[in-house]
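**Student:**
Protein chains: 2
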Amino acid sequence: MKVTINDIAKIAGVAKSTVSRYLNGGQVSPETKDKIKKVIEETNYEPNSFARSLKSKRTNFIGVIAPALDSYVTSRVLMAIDEKLRENQFTSLIINTSKSIELEIESLLNLERQKVDGIILFGTEMTDEHINVIQSMNTPVLIVGQETPAVHCIVFDDYNAGYEIGKYVAGHGHEKVVYLGVYERDVAVGKVRKQGVLDGLLHEGKNVATVYETEFDIDKAAKMTKQIMKEQQFTALICATDNIALGAMKAIRETGKNVPEDISLTGFGGYVYSTFTEPRLTTIKFKHKETGHLAATTMISIINEEQVPSVQKADFTLLEGNSVKKV
Amino acid sequence: MKVTINDIAKIAGVAKSTVSRYLNGGQVSPETKDKIKKVIEETNYEPNSFARSLKSKRTNFIGVIAPALDSYVTSRVLMAIDEKLRENQFTSLIINTSKSIELEIESLLNLERQKVDGIILFGTEMTDEHINVIQSMNTPVLIVGQETPAVHCIVFDDYNAGYEIGKYVAGHGHEKVVYLGVYERDVAVGKVRKQGVLDGLLHEGKNVATVYETEFDIDKAAKMTKQIMKEQQFTALICATDNIALGAMKAIRETGKNVPEDISLTGFGGYVYSTFTEPRLTTIKFKHKETGHLAATTMISIINEEQVPSVQKADFTLLEGNSVKKV
Numbered sequence: 001m002k003v004t005i006n007d008i009a010k011i012a013g014v015a016k017s018t019v020s021r022y023l024n025g026g027q028v029s030p031e032t033k034d035k036i037k038k039v040i041e042e043t044n045y046e047p048n049s050f051a052r053s054l055k056s057k058r059t060n061f062i063g064v065i066a067p068a069l070d071s072y073v074t075s076r077v078l079m080a081i082d083e084k085l086r087e088n089q090f091t092s093l094i095i096n097t098s099k100s101i102e103l104e105i106e107s108l109l110n111l112e113r114q115k116v117d118g119i120i121l122f123g124t125e126m127t128d129e130h131i132n133v134i135q136s137m138n139t140p141v142l143i144v145g146q147e148t149p150a151v152h153c154i155v156f157d158d159y160n161a162g163y164e165i166g167k168y169v170a171g172h173g174h175e176k177v178v179y180l181g182v183y184e185r186d187v188a189v190g191k192v193r194k195q196g197v198l199d200g201l202l203h204e205g206k207n208v209a210t211v212y213e214t215e216f217d218i219d220k221a222a223k224m225t226k227q228i229m230k231e232q233q234f235t236a237l238i239c240a241t242d243n244i245a246l247g248a249m250k251a252i253r254e255t256g257k258n259v260p261e262d263i264s265l266t267g268f269g270g271y272v273y274s275t276f277t278e279p280r281l282t283t284i285k286f287k288h289k290e291t292g293h294l295a296a297t298t299m300i301s302i303i304n305e306e307q308v309p310s311v312q313k314a315d316f317t318l319l320e321g322n323s324v325k326k327v
Numbered sequence: 001m002k003v004t005i006n007d008i009a010k011i012a013g014v015a016k017s018t019v020s021r022y023l024n025g026g027q028v029s030p031e032t033k034d035k036i037k038k039v040i041e042e043t044n045y046e047p048n049s050f051a052r053s054l055k056s057k058r059t060n061f062i063g064v065i066a067p068a069l070d071s072y073v074t075s076r077v078l079m080a081i082d083e084k085l086r087e088n089q090f091t092s093l094i095i096n097t098s099k100s101i102e103l104e105i106e107s108l109l110n111l112e113r114q115k116v117d118g119i120i121l122f123g124t125e126m127t128d129e130h131i132n133v134i135q136s137m138n139t140p141v142l143i144v145g146q147e148t149p150a151v152h153c154i155v156f157d158d159y160n161a162g163y164e165i166g167k168y169v170a171g172h173g174h175e176k177v178v179y180l181g182v183y184e185r186d187v188a189v190g191k192v193r194k195q196g197v198l199d200g201l202l203h204e205g206k207n208v209a210t211v212y213e214t215e216f217d218i219d220k221a222a223k224m225t226k227q228i229m230k231e232q233q234f235t236a237l238i239c240a241t242d243n244i245a246l247g248a249m250k251a252i253r254e255t256g257k258n259v260p261e262d263i264s265l266t267g268f269g270g271y272v273y274s275t276f277t278e279p280r281l282t283t284i285k286f287k288h289k290e291t292g293h294l295a296a297t298t299m300i301s302i303i304n305e306e307q308v309p310s311v312q313k314a315d316f317t318l319l320e321g322n323s324v325k326k327v
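Line order of the protein sequences matches chains D and F.
Residue 309 in the UniProt record's numbering sits at position 309 of the first sequence; the count goes up by one each step and never skips.
Residue 272 in the UniProt record's numbering sits at position 272 of the second sequence; the count goes up by one each step and never skips.
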């Protein structure tokens, strides 16, 4: 008698979907994994035939969920993902969520219903509901941009990138520094990047920055910068993104001050447009293309049931402009 | 006896899919339209019941095919389309084609197979194959960015925008003008926009520009600008996009010249980043948001079998920077 997944599930006392997930390289608790593995060994079940049947059912679509399409970094990583997937005969179906958490969850389920082979989710905030939904799904999910327990993910090296910038600004002698970041719900940018910056400043032994919060928006950042300039005396402004830095540059100019003569300024992102400003912005350039390619090849490995590290970090470089002066 | 679409098709002597397309508000030749209409009247067929059954089969997905995701204008129109569709309970599934014509055709068919309710295609070049495929499909298609006979489309008002810029540059006294455009396969940007510029220059009665071609790429535009500077004497450079203008600005600077003192410069697009350059770029700002909303509501109207104009034009404004001087 041929052993089926149903049999394995019954004997192991787990759901059929858990067995599929196990066979499909998805997330299963170590305990359950052991149980299923044992039953498979005992029953001489051949997972390969199942895997083969799975493969023949492939749609070769990969769902990609992005919080925005008009973000410089996201759009470039998206393009790189898409191109690498295409090289491997996959087509990405991209869904925008306009940063709605609710839509992220809905899109995960929508894409599973559309029978995609895998889903790449650009994380903004990862809630318990995200984790629950992802673990209940049969479709493998890869997170980009946020570190998430129990789900494969690819993150920007936000801590070390922040550290590098903090060290650079402190190294130029700045002691009155403001960090203009974003809300902590976005763990990668709001928390980890900020902590890197603050620790990097401390590297020089004396610096503590005043921390302000704004949003990922040029105009809101400009408004906030004007408010900070009223409240604080400072010589350097470290911004959490290039867009925030561009907003700040605008505000500083409109207030009759100059970068870097009056205020030194840095960004994060490495937009090509930030090299056209006067002065050119000193910033962190995340390697968009490499990150996208890494995400695509990792997704394909997961679909092919190959082992992949649970967390992979994408690389960065410091792009030195002339927006920071020595004091 | 209840009349079916099959009966209508047989009596009218056309394919069943043609009748669906007719009922669905899709493209049908006027002659065929008359035939089907007549048969429907004679048989007392109730298209509403068909429409209702169609509606119940809706997936509420709209496919959107874009030539690139990292284009400033495209990504902003995409966001606006997506947000307006979402307001109306539709989800867009976006496919990137990296400007491959072949992938555009494949994506049209792929999305139809995914049973989307309609497809919005950002046109780059519209070939006969595009038209043939679109007309053979049951899924309604809306083209954005290129005027296409026999398919509903929304275009930027490229001719008048070009005319406006040409008139502006000539009005500033420039007589030695270079137009740096793109290949004519892209009819909207490569042909119509260029013609607008040339006619706008002539508005002042004396101007003829030398025309060069490049691609939608900052670095290639920079390289081409350096070549033009070797070959030509000119006082103004009109560029087909802001990215081309930014590349030109870089090249002019690297050659030791200044904008606008030595060379006046204009763009097309109205990227927020072009207001951060020094000098600020004079450019045409297409209304991205309005265009996206118009595309979304038009798509929904087509799906709902409402009448929509075959060609609709999206509006623009001239953004005056300080990159053009009076000579």
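Think of the CB as a built atom: it goes at the ideal place given N, C-alpha and C, for glycine as much as any other residue.
Please read these numbers as outputs of a predicted model, since none were measured by experiment.
#1: Measuring alpha carbon to alpha carbon, tell me which of F:Leu85, F:Leu180, F:Ile95, F:Glu184 ends up nearest Tyr79 (chain D).
#2: Looking only at its chain, what residues have a beta carbon closer than 7 Å to the beta carbon of Thr241 (chain F), apart from the 5 residues adjacent to it on each side?
#3: In chain F, what lies closer than 7 Å to Asp70 (chain D) by C-beta?
#4: Quick one: grab the DSSP three-state call for Asn96 (chain D).
#5: Residues of chain D with CB closer than 8 Å to the CB of Ile95 (chain F), please, in chain order.
#6: Could you pull out every residue in the same chain whose Cβ sits closer than 8 Å to the Cβ of Asn322 (chain F), ignoring the five residues on either side in sequence?
#7: Once you ignore the five residues that flank Ala296 (chain F) on each side, which residues in its own chain have a CB closer than 7 Å to its CB?
#8: Distance check for Ile8 (chain F) and Lys57 (chain D), CA to CA, integer angstroms please.
#9: Could you check where the beta strand (DSSP E) with Gly256 (chain F) kicks off and where it finishes?
#10: State the DSSP-derived secondary structure class of Glu231 (chain F), mapped to helix, strand or coil.
#11: Take every Cβ of the stretch 291 to 305 of chain F, pair it with every Cβ of the stretch 59 to 77 of chain F, and state whether three or more of those distances are shorter than 8 Å.
#12: Between Ile134 (chain F) and Val144 (chain F), how many whole angstroms is the CB-CB distance? I'm expecting something under 8 Å.
#13: May I have the straight-line CA-CA distance separating Val116 (chain D) from Tyr271 (chain D), to the nearest angstrom?
#14: So with CB distances below 8 Å, who are the chain D contacts of Val197 (chain F)?
#15: Terminal residues of the continuous alpha helix (DSSP H) containing Glu83 (chain F)?
#16: Straight-line CA distance for Lys220 (chain F) to Thr214 (chain F)?
#17: Between which two residues does the beta strand (DSSP E) carrying Glu213 (chain D) extend?
#18: Using the beta-carbon of each residue, which ones in chain D are nearer than 7 Å to Ile300 (chain F)?
#19: Answer with yes or no whether the minimum CB distance from Ser323 (chain D) to chain F is below 8 Å.
#20: Use the C-beta contact count for Tyr163 (chain D): other C-beta atoms within 10 angstroms, 16 or more gives buried, fewer gives exposed.
#21: Are the CB atoms of Val308 (chain D) and Ser301 (chain D) within a distance shorter than 8 Å?
#22: For Gly247 (chain F), does the three-state DSSP call read helix, strand or coil?
#23: At a CB distance below 8 Å, what residues from the stretch 237 to 249 of chain D approach chain F? Give them in sequence order.
#24: Can you name the start and end residues of the beta strand (DSSP E) that Gln195 (chain F) belongs to?
#25: Whole-angstrom Cβ separation of Asp158 (chain D) and Val182 (chain D), contact assumed at under 8 Å?
#26: Can you check which of these residues, D:Ile11, D:Arg113, D:Phe90, is closest to Leu103 (chain F) by C-alpha distance?
#27: Any idea what DSSP makes of Gln312 (chain F), helix, strand or coil?
#28: Under DSSP, the beta strand (DSSP E) around Gly181 (chain D) begins and ends at which residues?
#29: Under 8 Å by Cβ, that's how I've got Ile119 (chain F) and Leu111 (chain F) pegged, so tell me the actual separation to the nearest angstrom.
#30: What in chain F is Cβ-close to Gly83 (chain D), meaning under 9 Å?
#31: Would you kindly work out how many angstroms separate the C-alpha atoms of Pro67 (chain F) and Ile11 (chain D), rounded to a whole number?
#32: Taking the alpha carbon of Lys35 (chain D) as the reference point, which residue from D:Thr255, D:Arg21, D:Val14 has its own alpha carbon closest?
#33: So what's Lys326 (chain D) in DSSP terms, helix, strand or just coil?
#34: To which residues of the same chain is Lys326 (chain F) closer than 6 Å at the C-beta, ignoring the five residues directly before and after it?
#35: Using DSSP with H/G/I as helix, E/B as strand and the rest coil, what is Ser264 (chain F)?
#36: Entirely within the stretch 123 to 175 of chain F and at least 4 residues each: give me those alpha helix (DSSP H) ranges in chain order.
**Tutor:** Quick look at the numbers:
#1: Note that residue 79 (chain D) corresponds to Met in the displayed sequence, not to Tyr. Here the closest residue by C-alpha is F:Ile95.
#2: Phe216, Gly267, Phe268, Gly269
#3: Ser75, Arg76, Met79
#4: strand
#5: Thr91, Ser92, Leu93, Ile94
#6: Sequence-distant partners of Asn322 (chain F) (beyond 5 residues in either direction) whose C-beta falls short of 8 Å from its own C-beta, in its chain, are Pro260, Pro279, Arg280, Thr282.
#7: Ile81, Lys84, Leu85
#8: 37 Å
#9: Note, Gly256 (chain F): premise wrong, no beta strand (DSSP E); not H, not E.
#10: helix
#11: yes
#12: About 13 Å separates the beta carbon of Ile134 (chain F) from that of Val144 (chain F), a gap too long to meet the 8 Å contact definition.
#13: Val116 (chain D) and Tyr271 (chain D) have their C-alpha atoms spaced approximately 32 Å apart.
#14: Here the premise fails: no neighbours, minimum Cβ distance about 23 Å.
#15: That run of the alpha helix (DSSP H) goes 72 to 87.
#16: Lys220 (chain F) and Thr214 (chain F): Cα-Cα distance of roughly 7 Å.
#17: Counting along the chain, the beta strand (DSSP E) containing Glu213 (chain D) begins and ends at 209 to 214.
#18: Counting only Cβ-Cβ distances below 7 Å, Ile300 (chain F) has no contacts in chain D at all, with the closest Cβ about 17 Å away.
#19: no
#20: buried
#21: yes
#22: helix
#23: Per Cβ criterion, the list reads Leu246, Met249.
#24: Segment 194 to 202 is the alpha helix (DSSP H) holding Gln195 (chain F); no beta strand (DSSP E) there.
#25: That belief does not hold up - the Cβ atoms of Asp158 (chain D) and Val182 (chain D) are roughly 12 Å apart, past 8 Å.
#26: D:Phe90
#27: strand
#28: Start and end: 177 to 182.
#29: 5 Å
#30: In the sequence under discussion, the amino acid at residue 83 (chain D) is Glu, which differs from the Gly named in the question. By Cβ distance, chain F contributes Asn96, Ser98.
#31: 51 Å
#32: D:Val14
#33: Coil at Lys326 (chain D), not helix or strand.
#34: His172, Gly173
#35: strand
#36: 128 to 136, 158 to 171
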